[in-house]
Amino acid sequence: MRIRIFLFLLFLCPSFLYTDFLFFNEKKSTTISTVTKNGWVYASLDDFKRAIKISFLQDITKKRFILNFSEHTLTFIPENPYYLLDNKGKKMNLPFISIEGKSYISLSDIEMVLSDATDKDVFLICPLNSIVMDRSTFNPDSIILKDEKDKISFTLTSETEIITSIVDDKNGELELTLFNAVCKPTIIPPSNGKGEIKKIVLNQEQNKAVLSFFYDVNKVRKIEKELISPGSSIRITFYKKEEVKPPKEEKPKKQYFINKVIIDPGHGGKDPGAVGPTGLTEKEIVLKISKELKKILTREGFTVLMTRDDDSFVRLRQRSTMANNLGADLFVSIHCNATGGRKEAGGFETFFLSTAKTSWARAVEAKENAVIEFETPSEKKSLLEFIFYDLLQNLHLRESSDLADFIQESMARNLTIEDRGVKQANFHVMREIYMPSVLVEAAFISNSEEEKQLKKQSFRKKIAQGIAYGILEFKKVYEKKLNK
Ligand SMILES: [Zn+2]
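So the numbering used here is basically just the index in the sequence shown, starting at one, shifted up by 24.
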């Protein structure tokens with residue numbers, strides 16, 4: 025164990041450093057000379073006499089050196105590692121040596137020997153070439169580092185009076201000199217790692233300790249010195265420069281508008297849709313209602329596009345592709361209803377895409393999806409694709425449901441025929457549309473009374489108005505919601 029400590033000390037004290045050592049005792053410092061023998065460094069005991077009261081006796085006959093300290097007597101034999109502390113035998117790392125009548129003990133033994141002789145703590149501080157007697161000799165006792173958001177401060181506090189001087193070369197080095205100060209190297213607080221203070225170097229000299237603060241001029245904007253308590257406490261504050269952050273791109277808040285509507289008149293061409301008692305076809309009536317709706321919406325400021333504006337056959341897939349490619353905000357498909365057996369059925373209803381909830385919704389769904397039969401097999405989609413599109417469509421389920429509500433309510437205010445309410449069904453035409461979409465069944469073409477009405481321009485206009493106002497309400501509510 026002893027050897028290990030010894031080696032450690034040797035490691036800390038490479039011999040080239042040993043010109044002089046400083047011995048700090050109470051408020052005095054004394055220079056202690058050293059000699060080197062066989063590679064080991066020895067400190068002159070005679071030099072300690074100026075700092076500590078020691079009397080030397082040399083017993084030539086017995087070849088003994090007797091050192092009388094105030095508290096104890098130490099007896100050494102040259103070239104012998106053993107010594108007597110009063111009457112107790114002790115062993116050093118290296119023997120006591122005498123050169124030209126002067127006494128030396130190894131630096132590695134200095135702490136133990138001086139401590140034995142004086143009953144005080146002795147500290148050998150190799151990096152600073154210092155030997156310090158008595159813990160209270162250290163001053164300042166501590167340096168407290170406080171790293172805050174905008175500054176780093178170092179507060180030095182000492183129990184004994186210290187006189188300080190601060191020199192800032194304004195070029196990255198601030199030198200704090202502490203007169204009458206003895207510092208332990210461990211007093212230096214660890215770096216905060218952010219680079220404002222690159223390092224702190226301590227240099228112990230005979231009558232002063234010098235702390236050099238190397239700071240980054242690019243990161244420190246101001247240094248402040250402050251005497252908290254003259255003679256015993258001082259604070260140095262390095263103010264951090266504001267970090268130059270890349271200017272944040274002020275994104276103009278995106279405004280959402282619901283401006284583009286796709287009107288999808290159902291059926292057309294080879295697909296007549298439902299046919300009324302007098303032969304009136306769904307495809308011709310829904311085109312007329314759609315054109316009327318377009319007129320109103322255009323007047324209201326919407327950009328309106330139609331999936332067809334003549335009697336042409338448009339595949340379901342084409343309709344949805346058109347809607348998506350044009351980047352429309354809403355999709356409204358216009359149809360007229362029909363029943364096979366129950367000729368008396370009548371009224372209007374609005375659907376949004378979802379799984380059909382009732383058998384009636386399923387029947388309407390089947391009727392409107394029947395157009396698939398007009399399409400070539402290659403145009404039919406795989407089940408997997410449908411599931412995928414359903415998922416996407418579900419993103420707008422809430423909006424579609426609201427749009428259906430607004431349209432249904434608005435139509436109810438405009439029409440006297442039966443309000444059949446909002447329903448859910450799974451229409452192919454809406455499956456691939458990634459926007460709020462609804463399908464309006466305006467009236468029953470199979471009902472002779474409603475077929476008669478549908479032939480009238482005024483009735484069709486009322487339907488168109490009902491749908492248009494529903495869209496307007498949806499626009500008003502959703503734009504407010506989206507731009508909040
Ligand atoms: Zn239809």
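The C-beta atom is built at its ideal place from N, Cα and C for all residues, glycine as well.
Query                                                                                                                   : Result
Assigned secondary structure, V453 (DSSP; H/G/I helix, E/B strand, else coil)                                           : helix
Cβ neighbours of S189 in the same chain (closer than 7 angstroms, five flanking residues each side left out)            : T201
Nearest-residue set for ligand 1, Cβ under 5 angstroms from any heavy atom                                              : G290, G297, H359, E392
Three-state secondary structure (DSSP) of A390                                                                          : helix
DSSP three-state assignment for L251, whether helix, strand or coil                                                     : strand
CA nearest to the CA of V146, picked from H359, E50, Q477                                                               : E50
Contact set for D429: own chain, Cβ-Cβ below 6 angstroms, skip 5 residues either direction                              : V446
Given 8 angstroms, three or more beta-carbon pairs between the segment 454–463 and the segment 341–360                  : yes
Of the listed residues L131, G325, A449, nearest to A390 (C-alpha basis)                                                : A449
Three-state secondary structure assigned by DSSP to P289                                                                : strand
Rounded C-alpha distance that separates S182 from K232                                                                  : 14 angstroms
Cβ pair S68, I84 closer than 8 angstroms                                                                                : no
Spatial neighbours of S154 in its chain, beta-carbon cut-off 6 angstroms, leaving aside the 5 residues before and after : L46, Q228
The segment 349–359 contacting the segment 276–290, beta-carbon criterion three pairs below 8 angstroms                 : yes
Contact set for K485: own chain, Cβ-Cβ below 7 angstroms, skip 5 residues either direction                              : E316
Reduced DSSP category for E172 - H, G, I as helix; E, B as strand; rest coil                                            : coil
Residue of D71, E503, F48 minimising C-alpha distance to T58                                                            : D71
Distance CB(V244)-CB(K223) smaller than 8 angstroms                                                                     : no
Exposure of L148, with buried meaning 16 or more beta-carbon neighbours within 10 Å                                     : buried
Residue span of the alpha helix (DSSP H) that contains K504, given as start and end                                     : 481–506
Beta carbon of G371 nearer than 8 angstroms to that of I313                                                             : no
Three-state class that DSSP yields for K194 in the structure shown                                                      : coil
The segment 170–177 in contact with the segment 192–210 per 3-pair CB rule at 8 angstroms                               : no
Span separating the alpha-carbon of I309 from that of K480                                                              : 10 angstroms
Proximity of I469 and G300 at Cβ, strictly below 8 angstroms                                                            : yes
For Q228: DSSP bridge partner residues                                                                                  : A233
Exposed unless 16 or more other CB atoms sit within 10 angstroms - verdict on T210                                      : exposed
Cβ-based neighbour list, S257, same chain, cut-off 6 angstroms, excluding 5 preceding and 5 following                   : T181
Backbone secondary structure at E513 - three-state DSSP                                                                 : Outside the displayed span of the chain (25 to 508) sits residue 513, for which this structure offers no information.
Host alpha helix (DSSP H) of K52 (start-end)                                                                            : Where K52 is concerned, there is no enclosing alpha helix (DSSP H), although the beta strand (DSSP E) it sits in stretches over 52–61.
Cβ pair D353, V462 closer than 8 angstroms                                                                              : no
S383 burial status per 10 Å Cβ neighbour count (16 or more: buried)                                                     : exposed
CA-to-CA distance, F238 to T142, given in whole angstroms                                                               : 39 angstroms
Straight-line Cα distance separating G325 from Y502                                                                     : 16 angstroms
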